[in-house]
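Anchor point for the sequence shown: position 30 equals 11 in this note's numbering, and the numbering is continuous, going up by one each time.
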Amino acid sequence: PNRYLTDKVATPHFYERLQQLITRSVGFIAIRGGMGTVTELSLVWNKIQTRVIGPRPLVLLGECWPPIVKTWRQHLAVSDADIAVLDFANTAEEAVAIIKEKSRGVIL
């Protein structure tokens, strides 16, 4: 149980669960994780870039992200416009403040 969650979303498949989480969210915070985190981050980032979903804050929380994004920028087809979609935060409080500020007016 999580006292911060009010809805339980049960789906038979991972991708369906991820789709539900994406479409029901007004913003996203990515913390240090593994390949699942990279997969989820990439999917959300791509959906925002390609306007499959409306603009929403996408915050990368922690000191691990700037060098990772820098490497992606150097070695992959990642443009300045792609990077502009991202926000960076050093603390959870900063990440939440960004979400609150930038999610105003998000239409689900």
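No residue lacks a Cβ here, since even glycine has one placed at the ideal position from N, Cα and C.
Opening and closing residue of the beta strand (DSSP E) in which residue i lies
i: Leu24; result: No beta strand (DSSP E) contains Leu24, which is instead part of the alpha helix (DSSP H) from 16 to 30.
i: Ile10; result: 9 to 11
For residue j and residue i, the rounded distance between their alpha carbons
i: Val50; j: Ala62; result: 13 Å
i: Lys(-11); j: Phe(-5); result: 15 Å
i: Ala73; j: Leu42; result: 7 Å
i: Lys28; j: Ile34; result: 6 Å
i: Ile80; j: Pro(-7); result: 29 Å
i: Ile64; j: Leu24; result: 14 Å
i: Leu57; j: Pro48; result: 14 Å
i: Gln30; j: Glu44; result: 23 Å
CB of residue i within 8 Å of CB of residue j, strictly
i: Leu39; j: Trp26; result: yes
i: Met11; j: Leu(-1); result: The sequence given here has Ala at residue 11, not Met. Not in contact: Ala11 and Leu(-1) (Cβ atoms no closer than 8 Å).
i: Leu89; j: Arg5; result: yes
i: Ser84; j: Val7; result: yes
First through last residue of the alpha helix (DSSP H) which encompasses residue i
i: Ile3; result: -5 to 4
With 16 other Cβ atoms within 10 Å as the buried cut-off, status of residue i
i: Arg37; result: buried
i: Ala76; result: buried
i: Ala99; result: Examination of residue 99 is not possible in this model, given that the chain is present from -18 through 89 alone.
i: Ala70; result: buried
Any alpha helix (DSSP H) of 4 or more consecutive residues that is wholly inside the segment 41 to 88:
If we require 4 residues or more, the alpha helix (DSSP H) runs fully inside the segment 41 to 88 come out as 46 to 56, 61 to 65, 73 to 83.
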